[in-house]
Amino acid sequence: MMRIEQRCGGSRTSIASVLAVAGTDCTVKRPVAMAYAVTTALTVGTIAALALAPLHALAQQNWPVKPIRMLVPWPPGGSNDAAARLIAPRLAETLGQPITVENRGGAAGSVGAEVVSRADPDGYTLMLHSVTHLSNAALYPKLAYDTVKDFTPIGMVSTQPTLLVVHPSFPVRTVKELIALARAKPRQVFYGSAGNGSAPHLSMTLFSSMAKVELEHVPYKGGGPALAGLLGGEVPVMLATVPSVMEQVKAGRLRAVATSSAKRLSMLPDIPTVAESGLPGYEMSPWIGVWGPGNLPRAIVDRVNRALAKALASPDVRDGFAQQGLEPISMTPEEFAKLIPLEMERYARLVKLSNARVE
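Residue numbers (this note's numbering): 425 to 783.
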């Protein structure tokens, strides 16, 4: 037994005897008492941690044992909401627990993202969000969370290519013609978007930069008002999601010029890409992915990712995605995590180039 040198009537005392003489005339020196207390606390803490470790492992192994919440940080009715409601039943089927889709819109998705960032990393709160989650890091200077550290990437869900559409009265049918007109009339060609820093705004910022033209941006308060402005002739040009403009294109109220994706869309094979029709190298395909709170256990990440891949392969989900203009795409957690910093850097450059800022 370790002994502590202490003068008490000329004798030596052990740790055990130190406890025995408490309250007698022989007073234990403060450093000795503190050292013992700290040692005891550390020992108890270590034992407690070792005791809880198997419980945590068991909880992960048995996950899920209750319903899961999939938070969509956008209002009902949009593409993100539609994607979540299409895959949720398939995820529930594979994981064996109900999945509730919860909408929590506000501030371009940052309100709902904050809720997820503060959730327990136990696998019972997931987030389905768009690439706007990454551009918000550059757009909003005072976010209440860290876009990287406070979230765990699980997997991608889909890309969402947009269509470059024009009002039928606008004298442009190709990307080359649009670029030529914009060069002939700098800052006189207007385009609409869902707002400052929105995906269509940043996509058109890239277009202007690569084409070396000056287009004039008209920000609306949402995609609906922007589309109404285009149909009403307030602006002649816009990048819009496929389902939001397909009926108008078919009816002749709008004209589709090109798609922003790297290749032609399976649902619109006759519409060329921006790259092949006048601006080589251009590609902007906003995407949707799934995250969990930061420090989500790897075992849970892998299970959700496998269930997600299975859901995206099901015919009913793929058909539903096609109707929404979504192209399903599956990624491993590693692939998704590797993509995120690259996309953050890309969108940060575009936000800076666009001069967009939201307080």
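For each residue, glycine too, the CB sits at the ideal point set by N, CA and C.
As the structure is a prediction and not an experimental result, all values here were calculated from the model.
Query raised in the report: Around the C-beta of residue 729, are 16 or more other C-beta atoms found within 10 angstroms, so that it is buried, or is it exposed?
Result: Locating residue 729 in the sequence shown gives position 305, where the first residue counts as 1. Buried, by the Cβ-count rule.
Query raised in the report: Among the residues of its own chain, which have a CB less than 8 Å from the CB of residue 609, if the five just before and after it don't count?
Result: Against the sequence shown, residue 609 aligns to sequence position 185. Taken in chain order, the list of residues that qualify is empty.
**Report entry** Proximal residues to residue 696 (C-beta, below 6 Å), its chain only, five neighbours per side dropped
**Finding:** Counting from 1 along the sequence shown, the entry for residue 696 is found at position 272. Excluding sequence neighbours, residue 696 sits near 682.
Requested in this report: Would you please state the rounded distance, in angstroms, between the beta carbons of residue 581 and residue 714? I believe it to be under 8 Å.
Outcome: As a position in the sequence shown, residue 581 is number 157, starting the count at 1. As a position in the sequence shown, residue 714 is number 290, starting the count at 1. So it is a contact: roughly 6 Å between Cβ atoms.
Query raised in the report: Among the residues of its own chain, which have a CB less than 6 Å from the CB of residue 660, if the five just before and after it don't count?
Result: Here residue 660 refers to the residue found at position 236 of the sequence shown. Contacts found: 590, 591, 594.
Query raised in the report: Looking only at C-alpha atoms, which of 491, 490, 527, 493 sits nearest to residue 502?
Result: As a working mapping, residue 502 is identified with position 78 in the sequence shown. Considering only alpha carbons, the answer is 527.
Query raised in the report: Taking residue 552 as the reference, which of 563, 544, 576 has the closest Cα?
Result: Mapped onto the sequence shown, residue 552 falls at position 128. It is 576.
Query raised in the report: Comparing alpha-carbon positions, which option in 587, 561, 740, 493 lies nearest residue 549?
Result: For the purposes of this step, residue 549 is taken as the residue at position 125 of the sequence shown. Out of 587, 561, 740, 493, 493 has the C-alpha closest to the C-alpha of residue 549.
Query raised in the report: So does the region 683–695 actually touch the region 642–649, counting three or more Cβ pairs closer than 8 Å?
Result: no
Query raised in the report: At a cut of 8 Å, does the region 760–773 reach the region 610–617 through at least three beta carbon pairs?
Result: no
Report task. Indicate the three-state DSSP secondary structure (helix, strand or coil) for residue 578 in the structure shown. Result -> Along the sequence shown, read from residue 1 onward, the residue named residue 578 stands at position 154. Looking at residue 578 - three-state DSSP - the assignment turns out to be strand.
Query raised in the report: How is residue 767 classed by DSSP in three states: helix, strand or coil?
Result: Stepping through the sequence shown from its first residue, residue 767 is reached at position 343. Residue state, collapsed to three classes: helix.
**Report entry** residue 599 beta carbon less than 7 Å from that of residue 698
**Finding:** The residue given as residue 698 occupies position 274 in the sequence shown. The residue given as residue 599 occupies position 175 in the sequence shown. Yes. Within cutoff.
Report task. Put residue 641 into one of helix, strand or coil per three-state DSSP. Result -> Working through the sequence shown from its first residue, we reach residue 641 at position 217. Residue 641: strand per DSSP, three-state reduction.
Query raised in the report: In three-state terms, what does DSSP make of residue 506?
Result: Sequence index remark: in the sequence shown, residue 506 carries index 82 (1-based). Correct three-state label for residue 506: helix.
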